[in-house]
Amino acid sequence: MPELIAKSALEGRSLTLGGVTLAEVEVGPITSVALFPGGAKLAAKGLKTLGLAMPAPNTFVEKKGMRIVWTGREQAFLIGVAPPAIEGVAVTDQTDGWTVLSLAGAASVEVLARLVPVDLRLPVCPVGTALRTQVNHMNAVILRTGDHAFEILVFRSMARTAWHELETTVSMVAARAGLKI
Amino acid sequence: MRYSGLRVITEGLFGNRGWTPAWREPSPKAEYDVVIIGGGGHGLSTAYYLAKNHGITNVAVLEKGYLGGGNVGRNTTIVRANYFLPGNSEFYSHSLKLWEGLEAELNYNVMHSQRGLINLFHSDGQRDAFVRRGNAMINQGDDAILLDREGVREHLPYLDFGNTRFPIYGGLLHPRGGSARHDAVAWGYARGADRRGVDLIQNCEVTGIDIENGVVKGVQTTRGAIRAKKVGIVVAGRSSQVAAMAGMRLPIESHILQAFVTEGLKPVINHVVSFGMGHFYISQSDKGGLVFGGDLDFYASYAARGNLPMVEHVMEAGMTLMPMIGRAKVLRSWGGIMDMTPDGSPIIDKTHVEGLFIDCGWNYGGFKAVPASGWCMAHLMATGEPHEVARKFRLDRFATGHLLDEEGTGSQHNLH
Amino acid sequence: MRLTCPLCGERDRREFYYYGAEDYLRRPAEGAPLAEWDNYLHLRDNPAGVTKDLWYHEAGCAQWLVVTRNTVTHEISGVELVAERKA
Amino acid sequence: MRIDGKGLIDRTKPVRFRFDGKDYAGYKGDTLASALLANDVRLVGRSFKYHRPRGVLTAGSEEPNALVEVVGPTNQTPNVRATMQEVFEGLVAQSQNRLGSLRFDLLAVNDYLAPFLSAGFYYKTFMWPRVFWEGLYEPLIRRAAGLGSLSGRHDEGTYEKAFAFCDVLVIGSGPSGLMAALTAGRAGADVILCEESHAFGGRLLSDGGVIGGVPAGEWLAQILAELEALPNVRLMLRTTVTGAYDHGTYGALERVGLHKPARPNLPRECFWRIVAKHAVLAAGALERPVAFPDNDRPGIMLASAVRTYLNRYGVSPGKRVTLFANTDQARAVARELMAAGVTVAAIIDPRPDASAVEDCPVHLGAEVVGSWGRLGLAGIQVRKGGDVLQIETDCLAMSGGWNPTLHLTCHMNGRPRWSEELAAFVPMEGAVPGLVAVGAANGSMSTYGALTTGHAAAQKIVAALGRKVQIEVPQAEDAPYAVRALWAVEGKGRAWLDFANDVTTKDVKLAAQEGFRSVEHMKRYTTQGMAPDQGKNSNVAALAVLADATGRGIAETGTTTFRPPYTPVSIAAMGAGGRAEGFAPQRFLTSDQASRDRHAPMIEAGLWYRPSYFPKPGETTWREACDREVAMVREAVGVADVSTLGKIDIQGKDAGRFLDFVYTNTFSTLPVGRVRYGLMLREDGHVLDDGTSARLGEDHYLMTTTTAAAGLVMRHLDFVHQAFCADWQVRFISVTESWAQFAVAGPKARALVQSFLEEPVDLPFMGVAPVRVGGVEGRLFRISFSGEEGYELAVPTRYGEALFRDLVARAETMGGGPYGMEALNVLRIEKGFITHAEIHGRVTAHDIGMEKMVSAKKDCIGKAAATRPGLWGPEREQLVGLKAGAPISAGAHLFVPGTEIHRETDQGYVTSVCWSPTLGAWLGLGFLKDGRARHGEKVRLVDHLRGLDVICEVCSPVFHDPEGEKLRA
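Protein chains in written order, with the numbering used here: chain W, 2 to 182; chain R, 116 to 531; chain Z, 8 to 94; chain S, 2 to 970.
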């Protein structure tokens with residue numbers, strides 16, 4: 002039996018247009034950590050071994066290439082690191098369930114504002130914000146990684162649709178920019 | 116006054132000065148044999164058939180606003196008999212037959228136009244479900260034709276057959292389905308009832324129902340108390356409030372259904388078309404506006420107005436199915452308040468109060484039911500027995516499990 | 008229409024799924040008579056005014072919410088997590 | 002005609018365009034209307050019902066007459082307001098709603114039939130003979146009605162939607178809007194300023210004047226420069242706020258590319274969803290026409306429109322203009338025309354006490370009572386005292402006062418308030434929470450009034466936002482607005498109220514005469530207010546005429562309401578993104594490309610695309626491929642991608658207890674390493690879904706749902722958990738996307754699977770075990786949906802494609818291969834396994850013969866409601882198998898042979914059918930009344946639609962291997 006070959010949904014596709022770069026990125030393991038009732042203390046102990054803690058709602062914390070992202074009530078995604086031994090929680094591998102897209106560039110907010118029904122103004126949505134929301138009709142987790150940079154997690158099976166919608170939007174925003182000149 | 120083409124010409128020649136009011140504006144009497152609460156389509160047709168079929172003319176219709184101001188005046192005017200569950204089939208079949216003679220019956224042109232309804236399907240499974248429905252329609256004595264993709268193309272060449280998200284497999288054509296002019300139905304029944312002696316009382320809101328020892332005695336209104344031997348509650352959209360006056364809690368939740376009309380356009384859509392994957396249906400009115408709608412806004416509401424997510428969803432469905440309508444502009448949107456029941460079917464029944472009857476729960480299918488609903492409600496109120504085509508519309512069927520769930524979505528009010 | 012999810016904050020209505028009145032939270036005990044189930048599943052106060060109903064933040068945190076809401080004005084006066092509701 | 006030295010158009014940029022086949026010249030900054038008027042084109046359209054010649058009435062989006070078709074390279078847009086369409090090089094437009102040419106419209110005959118076409122005439126006729134309605138009358142009416150035409154071709158244009166958020170949305174950029182935006186902007190609030198037109202300034206662009214001691218234009222430029230420089234202010238031009246929705250949400254339409262030739266990827270329009278904490282309605286007011294006989298000829302315009310054409314576009318719509326107005330303000334246009342060298346033939350003012358001092362003849366206490374001119378105005382009749390004067394004029398500017406543009410305040414059911422002083426409706430405060438009307442939109446008609454109210458409203462908002470700003474309101478014109486209501490002028494002939502729908506004062510009076518006295522009845526009976534201008538030009542006057550006819554006051558008569566959108570919005574804009582595959586996400590399997598490589602037709606299944614069958618060379622029909630694939634599974638081995646099934650990972654000490662609660666049967670007793678079939682009910686007792694759940698560890702289960710119900714089940718589990726047992730030790734999460742899972746079925750399935758495992762595993766039927774496959778941790782389940790010995794092998798999704806290709810390749814060496822949905826369906830029917838074709842939402846466990854799966858030992862969701870009497874007993878239709886020697890069909894109904902075929906004799910229906918190559922017969926699953934007691938009976942299957950009438954044998958739904966020996970082999 003030969004080794005199975007791994008393939009990402011978009012095979013690392015990327016695109017730059019109108020000052021925005023859209024790319025599929027590899028973020029390493031994604032693990033769901035969900036607290037059982039009364040499990041908070043034990044979980045905190047387990048996460049502490051990584052120097053992390055359960056994040057506050059709507060935020061993510063990045064440390065040494067690891068991220069812990071709030072994804073729901075008493076639930077977080079640990080990204081970029083194998084999960085430590087941890088008690089008081091349900092641990093579920095989510096690595097293969099998501100495709101991660103990076104969107105960066107001056108017009109990135111304008112692009113997302115066409116697909117995401119959430120206020121993305123910086124004071125409301127600062128760097129470090131994690132949103133559970135939708136990209137058009139798809140559920141998504143959106144991380145604001147910079148003033149003009151986002152990472153977007155979508156279900157892997159919908160990656161092509163997500164790409165298509167983002168690409169179309171990027172091209173429309175670029176065409177508008179051309180109009181102003 | 117009898118209406119006719121000749122009359123239109125003679126009146127036209129003399130400055131249209133001879134037309135008389137379509138109905139009187141009587142003051143309420145102290146007592147009636149029957150009081151119908153609600154001057155919408157169903158209330159007016161109930162009054163009409165009480166007089167016409169049962170000779171009961173000492174009847175008042177109490178309307179809190181203006182006649183036909185409820186859902187009969189804010190719907191997408193589709194008339195069809197394409198149900199498949201026994202209980203619904205025979206009722207809507209009966210209603211369609213009444214529609215087919217309505218102009219002559221009422222001496223009023225309600226513009227009933229049987230231009231054909233096509234329900235599109237987009238998978239083998241949907242096709243089989245529609246075949247089951249079509250066969251039930253034929254078993255009932257109505258009409259249905261199965262169209263394959265090419266058959267649909269012949270009727271509806273403008274659909275997107277190439278590049279759509281949900282490919283068109285075919286359609287179920289209901290040739291006798293169609294549309295009508297909604298206001299005219301209310302006005303036609305109102306005029307007909309008035310001519311038979313029914314008092315149509317507008318701006319008269321019922322504020323209480325008088326009940327003594329379990330027997331109805333009359334109603335309290337903003338224009339005074341009115342005694343009645345029998346009272347019918349026919350107030351879809353406000354059923355829960357009026358029924359509560361008689362101590363009833365109904366299996367109803369009120370929801371908004373939005374509808375839309377575009378600016379007038381030259382004829383481009385000649386059928387009623389229904390999209391099987393996107394809760395989108397459309398027809399074109401005789402004035403040229405595209406009249407279309409989709410699903411409920413889904414949250415309980417009495418606001419008679421909707422919100423953007425459903426607006427956009429409906430427009431997106433239109434764009435995926437028939438992108439040729441893209442440049443038509445929506446002129447007006449509005450919302451009706453729907454009595455949603457836990458199985459999507461209506462209620463025409465007695466209540467726990469003697470002499471008090473209720474006709475409600477039309478979900479969003481009430482318009483086409485106007486003739487038969489009035490017919491059956493009048494029968495029930497006159498004879499005390501349910502009409503044979505409406506005998507399954509029981510108030511207690513949710514408690515007993517004798518459900519009429521065409522959608523198969525279960526006891527969640529907003530899913531039907 | 009905007010709903011304020013106690014966890015995610017103010018969000019557009021399109022992120023939510025609507026179920027029905029909060030009656031659905033009061034599930035009859037095992038062995039309750041069928042009339043109670045009829046009450047639970049079907050019969051509703053359906054007020055034209057303030058009501059409490061159930062929404063699900065489907066595109067968000069997947070929490071069920073009890074929303075206090077006016078069915079005539081659509082004004083929202085409270086949102087609570089079903090999982091953490093006070094009895 | 003063009004007036005030198007006037008207007009804000011760019012005379013250095015001439016633009017050529019075409020109207021009705023003729024080329025014209027205009028300038029950048031012109032609208033189609035201004036450019037046509039500059040070219041002395043007055044006739045631009047035909048009216049809706051009578052096909053009367055019509056010209057431009059207004060200079061804005063409320064235009065009822067000048068509706069044209071704009072023809073693009075690939076498509077055309079009907080009902081475009083010439084008053085809003087900017088001209089650009091190469092613009093092609095044409096008139097609409099005519100039979101023949103615009104000048105010789107054959108349907109103009111309707112005008113001569115007008116006495117017979119009064120309000121509601123169609124309700125009274127066309128009834129006999131009945132067949133003539135659909136055959137003759139209605140088609141004629143339909144052809145004559147309508148306005149512009151759609152091409153019938155797909156709209157391939159680009160459209161977009163977007164969201165925006167702000168503290169303050171300012172709607173309109175006239176003096177009040179600018180002042181509001183400036184105040185809030187300087188205070189640091191996030192401001193969005195929307196302007197419908199193609200330039201900011203509102204009436205300042207038309208009326209000029211002096212603000213803060215400088216010409217209005219200069220002031221405007223200063224303010225705009227400051228607003229543009231503020232990073233917290235977003236200026237949105239060509240953007241109409243079209244609707245007010247709940248909780249501060251507004252819809253707005255931006256015309257992005259309609260003023261340019263089409264460019265790739267450039268949206269034509271963008272539909273905005275703007276969420277604003279506060280909103281300022283600064284939309285100004287709309288001038289009202291006066292209903293006098295024959296007031297609809299081309300050349301008769303609103304006075305404010307004449308002023309706009311003169312000052313903004315440098316065009317005089319006439320060479321010899323007259324003015325008919327009842328306010329002092331309206332006189333300005335006459336003075337400005339004269340100053341520009343245009344002859345003003347007369348001012349007709351119905352007020353006897355108004356000033357007569359002008360540089361032209363003034364007729365006080367006079368009214369226009371008629372007009373003449375075939376395709377355009379040639380003159381008017383003026384009644385003054387007892388005399389009727391004839392005045393030659395080619396343009397009559399009329400004004401009946403102003404209506405505040407309060408439409409948005411009505412979008413949440415708020416009714417406006419009648420103001421006697423203004424003879425107009427004004428907004429009801431608070432009708433839209435968070436929205437405040439200022440300036441003319443709130444009845445402050447002077448420029449200074451606009452500036453101060455705009456400023457005051459913004460100051461309140463700024464304070465509410467916790468900010469502060471000091472700003473001085475500049476001085477400006479502050480003349481009192483004196484109006485005396487003038488709705489209609491009595492006289493011989495028809496006086497139009499609703500130009501767009503051809504509703505005259507006579508129609509409204511007739512409605513009242515016939516008992517349609519409620520304003521809603523009048524509107525619906527006459528169709529007044531239902532045309533493209535939504536009654537903007539006619540509602541108030543029509544109401545006044547109705548009030549008069551019914552002897553009531555206007556306030557008492559009430560008003561109809563305005564509903565969204567404020568101006569019509571294209572379906573394409575609000576439906577942007579929905580076109581083609583954009584309507585719903587597409588979900589792709591990891592095996593997708595491999596299936597397409599094998600030419601498998603892909604079919605849509607619950608957003609996924611799945612292979613229907615895998616054709617081999619020489620196979621000409623799907624049936625051939627399907628039969629082969631079925632035989633392949635039954636005789637060798639088949640591989641199918643089943644990753645679409647919902648997978649939910651459930652963990653915790655109470656996981657088993659939780660499953661016991663949501664399934665009818667018991668899972669807490671399931672041994673680790675085993676799988677069990679589970680049945681899930683809705684709380685109303687009907688089947689919700691079915692599937693298998695595996696116990697992976699002591700506190701760890703994996704639930705499988707059907708493809709279609711995966712989302713539904715997740716929502717259901719979340720509800721049950723959060724509502725009824727939030728304190729239990731259980732958490733779950735979807736892992737549908739995490740695993741690629743492949744069914745391997747057939748007598749050689751074990752051999753195929755084992756050849757992939759790094760260490761062999763001996764799994765019992767309904768067992769599960771972790772395995773290693775190709776260097777990867779996977780899971781192996783021994784379950785079957787085919788009736789053969791079956792396995793499902795799961796690996797992390799990224800390895801899915803590789804594993805599928807390898808499995809298929811190796812299967813082929815064993816006489817097997819891939820199988821698609823068609824074969825999968827046949828295999829499951831042969832085995833009597835149900836899908837959502839059977840569990841379609843109306844069936845109970847009892848109906849499908851699984852009532853024994855409802856455990857008596859515990860409560861579960863749906864158990865109680867399933868005991869309702871209507872859901873039990875022989876009257877219910879029960880799942881049966883059907884066997885036939887001839888083709889049968891799903892959707893057919895079942896009857897007792899020899900009985901009549903109608904609803905009352907209907908015994909049931911068929912849900913699934915197949916040709917079974919295994920049994921050499923047609924098989925069906927269906928529901929039959931008391932069916933379980935009727936095995937062995939014959940039933941007649943009737944499918945009217947497909948012309949089938951077949952006798953079938955009723956049998957058990959399990960046709961193949963009823964003892965399950967193959968499964969357990």
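Think of the CB as a built atom: it goes at the ideal place given N, C-alpha and C, for glycine as much as any other residue.
Sequence-distant residues of the same chain with beta carbon closer than 8 Å to residue i, five excluded per side
i: residue 411 of chain R; result: 370, 371, 372, 425, 453, 455, 479, 529
i: residue 60 of chain Z; result: 25, 26, 27, 28, 29, 73, 74, 76
Cβ of residue i within 8 Å of any chain Z Cβ
i: residue 182 of chain W; result: Residue placement at residue 182 of chain W is poorly supported in this model, since its pLDDT is 45, which falls under 50; the coordinates still yield a value, given next. No, no contact with chain Z.
i: residue 724 of chain S; result: yes
i: residue 417 of chain R; result: yes
Three-way DSSP call (helix, strand, coil) for residue i in this model
i: residue 413 of chain S; result: coil
i: residue 247 of chain R; result: helix
i: residue 716 of chain S; result: helix
i: residue 954 of chain S; result: strand
i: residue 526 of chain S; result: helix
i: residue 575 of chain S; result: helix
i: residue 310 of chain R; result: helix
Where residue i falls, given that 16 or more other Cβ within 10 Å makes a residue buried
i: residue 526 of chain S; result: buried
i: residue 944 of chain S; result: buried
i: residue 7 of chain S; result: buried
i: residue 104 of chain S; result: exposed
i: residue 47 of chain Z; result: buried
i: residue 129 of chain R; result: exposed
Cut-off 7 Å between Cβ atoms - residues of its own chain near residue i, not counting five sequence neighbours on either side
i: residue 281 of chain R; result: 237, 392
Neighbour flag for residue i against chain S, beta carbons, 8 Å
i: residue 18 of chain Z; result: no
i: residue 95 of chain W; result: yes
Contacting residues, own chain, Cβ-Cβ under 6 Å from residue i (five flanking each side not counted)
i: residue 883 of chain S; result: 925, 927, 953
i: residue 570 of chain S; result: 243, 254
i: residue 199 of chain S; result: 87, 239
i: residue 706 of chain S; result: 647, 690, 692, 714
CB contact below 8 Å: residue i versus chain R
i: residue 924 of chain S; result: no
i: residue 72 of chain Z; result: no
Exercise for review: Check each residue of the segment 47-66 of chain Z: if its Cβ is closer than 7 Å to any Cβ of chain S, include it; give the result in chain order.
Suggested key: 48, 63, 65
Review point. Going along the chain, which residues of the segment 229-260 of chain S sit with their C-beta nearer than 7 Å to a C-beta in chain R?
Key: 246, 247, 250, 252
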